[in-house]
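There are 4 protein chains.
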Amino acid sequence: MTQMGKGRLEAFSDGVIAIIITIMVLEIKVPHGTQWEDLLPLLPVFLSYVLSFVYVGIYWSNHHHLLHTVQHVTGRILLANLHLLFWLSLLPFATGWMGENHFVVLPSVLYGMVLLACAAAYWMLQKSIIQAHGPHSTLAQAVGKDRKGSLSLILYVVAIPLNFTRPKIALGLYVLVALMWFVPDRRIERSLAWFDSANGGPPDAR
Amino acid sequence: MTQMGKGRLEAFSDGVIAIIITIMVLEIKVPHGTQWEDLLPLLPVFLSYVLSFVYVGIYWSNHHHLLHTVQHVTGRILLANLHLLFWLSLLPFATGWMGENHFVVLPSVLYGMVLLACAAAYWMLQKSIIQAHGPHSTLAQAVGKDRKGSLSLILYVVAIPLNFTRPKIALGLYVLVALMWFVPDRRIERSLAWFDSANGGPPDAR
Amino acid sequence: MTQMGKGRLEAFSDGVIAIIITIMVLEIKVPHGTQWEDLLPLLPVFLSYVLSFVYVGIYWSNHHHLLHTVQHVTGRILLANLHLLFWLSLLPFATGWMGENHFVVLPSVLYGMVLLACAAAYWMLQKSIIQAHGPHSTLAQAVGKDRKGSLSLILYVVAIPLNFTRPKIALGLYVLVALMWFVPDRRIERSLAWFDSANGGPPDAR
Amino acid sequence: MTQMGKGRLEAFSDGVIAIIITIMVLEIKVPHGTQWEDLLPLLPVFLSYVLSFVYVGIYWSNHHHLLHTVQHVTGRILLANLHLLFWLSLLPFATGWMGENHFVVLPSVLYGMVLLACAAAYWMLQKSIIQAHGPHSTLAQAVGKDRKGSLSLILYVVAIPLNFTRPKIALGLYVLVALMWFVPDRRIERSLAWFDSANGGPPDAR
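First to last, the sequence lines map onto chains A, B, C and D. First residue of the first sequence? That's 4 in the numbering used here, and the numbers climb one at a time after it. First residue of the second sequence? That's 4 in the numbering used here, and the numbers climb one at a time after it. First residue of the third sequence? That's 4 in the numbering used here, and the numbers climb one at a time after it. First residue of the fourth sequence? That's 4 in the numbering used here, and the numbers climb one at a time after it.
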């Protein structure tokens with residue numbers, strides 16, 4: 004399999020993620036009235052937009068760090084990347100359904116399922132990159148046991164059924180995972196920093 | 004005709020394809036109810052979205068491989084590329100019409116016709132690139148007889164009228180062509196790998 | 004005024020133009036019926052989409068050639084570029100109004116006015132680039148008297164009032180201007196080819 | 004914290020800003036009638052679109068200048084950038100609500116609040132870049148006391164409550180701030196020009 008520039012993979016992913024993050028705002032429909040009360044029904048839609056904006060922002064930022072470690076793009080990485088973009092593209096729908104229905108049970112369950120699918124797809128992308136670069140690659144060593152990734156998956160699996168009995172705790176867990184990832188993945192950054200300093204410069208510094 | 008950077012051609016194509024793949028999801032309208040039954044009517048829309056997502060993803064991926072071989076961009080290549088983007092831009096409409104009408108005959112026929120037009124446009128783009136680079140270019144040798152491309156065109160031409168008599172087989176053929184292209188074009192990759200190794204590195208490695 | 008990379012100017016313009024060309028397709032609303040007759044009312048919308056797609060494609064292609072000649076980006080060029088993007092962004096609205104009303108008088112007049120404004124804005128962008136690079140720059144010499152640009156402006160000015168008396172000829176003039184620009188601007192290409200060959204390579208070849 | 008290419012940060016921001024500037028035009032709904040009178044009700048929507056287009060264009064242009072000074076991207080800069088994009092993403096909603104309601108009080112107040120939030124987020128992004136590069140960096144010296152930034156914040160804070168008593172003056176202040184920023188930030192340009200000439204070339208010239 005030949006080496007290919009990762010520039011277009013990044014550009015296409017940036018484009019899709021930028022559109023996903025922006026079309027979610029279209030779910031906040033302009034109200035007909037002109038009083039503050041007319042904005043009130045939009046509050047749950049707005050809050051779910053904020054949560055999803057943070058999630059998509061985190062995915063973009065982590066994707067940025069992840070692809071930073073890629074040396075060559077294989078067909079499998081292309082597919083794994085498209086797979087991740089597919090699940091991310093369902094977030095606007097899930098966000099709209101949850102927000103417009105004030106976080107009732109089933110829409111919140113679906114939202115959690117889409118988040119779970121995104122996390123699993125991200126994990127698979129990470130796996131396919133490690134596989135292409137070998138167990139001694141920068142990424143493989145940086146990710147290590149990937150405790151944060153595993154913890155996210157577990158928290159989603161716990162939160163999804165919790166929506167039926169303790170919906171507020173379930174939502175709280177969605178927010179918790181977002182907060183947990185808010186800071187860019189320092190493990191990768193730290194390992195890369197070491198790699199860069201040992202090699203005289205970062206691989207993709209321009 | 005002067006040599007021009009292909010960077011903007013790729014960037015513009017990436018932008019258009021990223022938007023096409025993402026606005027298709029807007030056809031999956033947020034339902035008013037909050038039960039699983041309210042999602043059920045969306046299933047055909049969702050399935051047609053999945054199929055079109057895979058198709059657009061394949062086109063993006065193959066476009067990525069195809070432009071990888073381009074050394075210089077001519078006016079004819081620019082036009083052939085716009086022509087391909089035009090037909091791809093009609094996929095969201097065809098997808099929506101087919102999905103919302105549960106894969107009935109005419110919308111499925113139109114969907115196949117748009118797929119056929121995209122495939123023909125892709126073939127023309129490939130042709131215009133080969134023409135600009137000569138019969139001994141990397142791409143010309145990599146594509147060779149282009150059996151997979153020809154087979155796709157034949158399968159579409161068979162599937163379109165089949166919608167009137169055997170609609171399920173017709174749909175199956177649409178899915179089959181997608182599966183057939185799912186793997187990036189190894190002929191091009193293999194030939195490029197040879198070309199790269201013979202020249203010390205890939206042409207667009209950065 | 005400092006030299007600035009034109010990379011982001013191109014990237015942002017590509018993004019906006021890619022979105023403009025793609026959201027126009029959203030005006031072709033998915034019909035409720037599933038017969039060919041249900042597609043018939045969409046024909047004028049489709050035809051106006053084709054015309055506008057060609058126009059936006061031409062603007063993107065010419066913009067590509069124009070910025071190819073830019074050596075440094077000034078504040079004035081940034082503004083002139085935003086001004087062009089503003090008028091292009093009104094094309095989807097004008098296209099939709101004209102198409103949905105089967106090319107009746109006033110929507111066709113407005114369409115012509117938006118085309119005229121785009122052409123004038125493009126002329127101003129060209130002017131600002133020439134001004135920044137001096138009368139002996141590649142672009143200044145390539146454009147020369149800019150007969151094609153002036154002719155387009157004249158044809159729009161003729162076509163707009165013609166909508167009131169000879170609407171078909173007016174529409175024919177819109178199509179004629181599009182055809183006239185279909186081929187990338189060979190004056191610029193030829194001059195650049197000379198420039199490139201005299202300097203060992205194109206300025207933005209990567 | 005490792006050095007990272009700022010290319011993707013720019014590309015993603017360009018994508019989001021390009022989409023924001025373009026989806027605002029979707030608020031100008033195609034009217035059913037075909038007379039000039041049918042366009043008249045769209046005038047306030049159009050005017051608010053023009054104002055927001057200018058604002059988003061200014062933000063893109065200033066963002067372009069600001070990131071020009073960035074040498075390395077930290078996690079904090081990533082977050083501050085996402086925060087700015089979040090508030091900019093609410094502009095289409097605020098623009099639509101203000102325009103469709105003919106600039107009545109509360110929508111105009113909300114519009115001002117979103118502008119204020121964008122300005123504050125921009126200020127925070129600027130701060131985080133200065134913090135990452137040190138008080139003696141090009142940007143820190145270029146921005147200096149940032150009188151124009153502070154003045155904008157003050158004018159928004161004055162204009163927002165003015166909507167209740169002197170709505171026309173409040174709107175006038177929104178326009179005034181836009182005009183004030185219309186010209187790219189010459190302080191940054193001047194300082195960079197000096198920096199570039201002292202170093203033989205701009206840092207990101209390609």
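Glycine included, C-beta positions come from ideal geometry on N, C-alpha and C.
Check: For T37/C, is the classification buried or exposed, using 16 other Cβ atoms within 10 angstroms of its Cβ as the cut-off for buried?
Finding: Buried.
Note to self: If the criterion is Cβ atoms closer than 8 Å, does the pair W63/C and F15/B meet it?
What the structure shows: yes
Notebook entry, point to check: So, L23/C versus V59/C, is the Cβ gap smaller than 8 Å?
Noted result: Reading off the sequence shown, one finds Ile at residue 23/C, where the question assumed Leu. Cβ atoms of I23/C and V59/C: closer than 8 Å.
Item checked: Assigned exposure category for T25/B - 16 Cβ within 10 Å defines buried -> buried
Check: Who are the neighbours of G18/A on chain B, taking C-beta pairs under 7 Å?
Finding: Within chain B, D17, G18, A21 have C-beta atoms less than 7 Å from the C-beta of G18/A, given in sequence order.
Next item on the list: Determine, using beta carbons only, whether G115/D and N65/D come nearer to each other than 8 Å.
Entry: no
Notebook entry, point to check: Beta-carbon of G60/D versus every beta-carbon of chain C: anything under 8 Å?
Noted result: yes
Next item on the list: Specify the secondary structure class of P47/B as computed by DSSP and reduced to three states.
Entry: helix
Next item on the list: Please decide whether P95/A counts as near chain B, where near means a Cβ-Cβ distance under 8 Å.
Entry: Answer yes: the Cβ-Cβ gap between P95/A and chain B drops below 8 Å somewhere.
Next item on the list: Check the Cβ of H67/D against every Cβ in chain C and list those closer than 7 Å, keeping chain order.
Entry: Those within 7 Å of H67/D in chain C are R11.
Next item on the list: Could you tell me which chain D residues have their CB closer than 7 Å to the CB of L85/C, listed as they occur along the chain?
Entry: G60
Checklist line | Three-state class that DSSP yields for D17/A in the structure shown | finding: Reduced to three states, the DSSP call for D17/A is helix.
Next item on the list: Show which residues of chain B have a CB atom less than 8 Å away from the CB atom of P110/A.
Entry: T37
Checklist line | Entirely enclosed alpha helix (DSSP H) segments - the segment 97-172 of chain A, minimum 4 residues | finding: 108-136, 141-146, 150-168
Next item on the list: May I ask you to report which of helix, strand or coil DSSP gives I31/A?
Entry: Coil.
Note to self: With a threshold of 8 Å on Cβ separation, who are the neighbours of W184/D within its own chain once the five nearest residues in sequence on each side are excluded?
What the structure shows: I61, N65, K151, S155
Check: Should P211/A be flagged as near chain D, meaning a C-beta pair shorter than 8 Å?
Finding: In the structure as shown, chain A starts at 4 and stops at 209, and residue 211/A therefore has no counterpart that could be examined.
Notebook entry, point to check: Short check: CB of P34/A to CB of W39/D, under 8 Å?
Noted result: no
Next item on the list: Determine whether the Cβ of F89/A lies closer than 8 Å to any Cβ atom of chain B.
Entry: yes
Item checked: Residue from L81/C, H68/C, V48/C with nearest C-alpha to V95/C -> Checking the displayed sequence, the identity of residue 95/C turns out to be Pro instead of Val. Closest option to P95/C, Cα to Cα, is V48/C.
Next item on the list: May I have the straight-line CA-CA distance separating L43/A from I172/B, to the nearest angstrom?
Entry: 51 Å
Next item on the list: Could you pull the start and end residues of the alpha helix (DSSP H) that L93/C belongs to?
Entry: Careful: L93/C lies outside any alpha helix (DSSP H) and carries neither H nor E.
Next item on the list: Measure the Cβ-Cβ separation of L87/B and L128/B and say whether it is below 8 Å.
Entry: yes
Margin query: Would you call the segment 66-75 of chain D in contact with the segment 125-141 of chain C, where contact means no fewer than 3 C-beta pairs closer than 8 Å?
Written below: no
Item checked: Residue nearest to L91/B in terms of C-alpha spacing, selected from C121/B, P110/B, G78/B -> Answer by Cα proximity: C121/B.
Notebook entry, point to check: Measuring CA to CA, which of R11/B, V160/B, V76/B, G10/B is closest to L113/B?
Noted result: V160/B
Check: Is T77/D buried or exposed, if buried means 16 or more other CB atoms sit within 10 Å of its CB?
Finding: buried
Item checked: Cβ-Cβ distance between Y52/C and G10/C below 8 Å -> With contacts defined as CB atoms closer than 8 Å, Y52/C and G10/C fail to qualify as a contacting pair.
Next item on the list: Give a yes or no on whether 8 Å exceeds the smallest Cβ distance from P206/B to chain C.
Entry: Unreliable positioning characterises P206/B in this predicted model, as indicated by a pLDDT of 42, which lies under 50. The coordinate reading is nonetheless provided below. By this cut-off, P206/B is not an interface position.
Note to self: Taking 8 Å as the limit between beta carbons, can you name the residues of its chain near I80/C, skipping five residues before and five after?
What the structure shows: L12, V73, L128, S131, I132, A135
Notebook entry, point to check: Between A83/C and A143/C, what straight-line distance do the alpha-carbon atoms span, to the nearest angstrom?
Noted result: For A83/C and A143/C, the distance between alpha carbons rounds to 17 Å.
Margin query: Which of the three DSSP states is assigned to H229/C in this structure?
Written below: In the structure as shown, chain C begins at 4 and stops at 209. Residue 229/C is therefore absent and cannot be evaluated.
Note to self: Looking at L54/B: is its Cβ nearer than 8 Å to the Cβ of Y177/B?
What the structure shows: Yes; because the gap between Cβ atoms is below 8 Å, this pair is in contact.
Margin query: Is the beta carbon of V57/A closer than 8 Å to that of A181/A?
Written below: For the 8 Å CB-CB criterion, A181/A and V57/A form a contact.
Next item on the list: Please name the residue, chosen from V117/A, K32/A, N104/A, that lies closest to A162/A on a Cα-to-Cα basis.
Entry: Cα-wise, what sits closest to A162/A is V117/A.
Check: From the beta carbon of L29/D, is the nearest beta carbon of chain C less than 8 Å away?
Finding: Interface with chain C (8 Å Cβ-Cβ cutoff): L29/D is included.
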